[in-house]
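Student: Have a look at the structure that comes next, please.
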Amino acid sequence: MDSTNTEHRLTELEIKASFTEDMVDQLNLIITRQQAQIDLLLREVAELRQQAPDSGTPVFRSLMDDLPPHY
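Following numbering that gives the first Met the number 0, the numbering of the sequence shown begins with 0 at its first residue and continues without gaps.
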């Protein structure tokens, strides 16, 4: 009976290890995809910074400029 219990526990651990391995593989794919997206966004931000006028001083904008025309 003791060997049956040990075998059952070992089988349960193997099943859990298998599911854990699958989950780690899935998480790895997600992280890889997210890193690629982050890299793309960083390149886009760098390009936008190059396109923006760089006068060195912040441009004052009135809040009235941002109001929609119906106000």
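The beta-carbon is built from N, C-alpha and C at its ideal position, and this holds for glycine as well. Quick caveat: nothing in here was measured; it's all calculated off a predicted structure.
(1) What's the C-alpha gap between R60 and L40?
(2) Could you give the residue range of the alpha helix (DSSP H) that holds L62?
(3) Runs of 4 residues minimum, wholly inside the region 5–63: which ones carry the alpha helix (DSSP H) assignment?
Tutor: Per the coordinate set shown:
(1) Position 61 of the sequence shown, counted from the first residue, corresponds to residue 60. Position 41 of the sequence shown, counted from the first residue, corresponds to residue 40. Spanning the two alpha carbons is a distance of roughly 27 Å.
(2) One-based indexing of the sequence shown puts residue 62 at position 63. Counting along the chain, L62 sits inside no alpha helix (DSSP H), nor does DSSP assign it H or E at all.
(3) Taking only runs of at least 4 residues, no alpha helix (DSSP H) segment lies wholly in the region 5–63.
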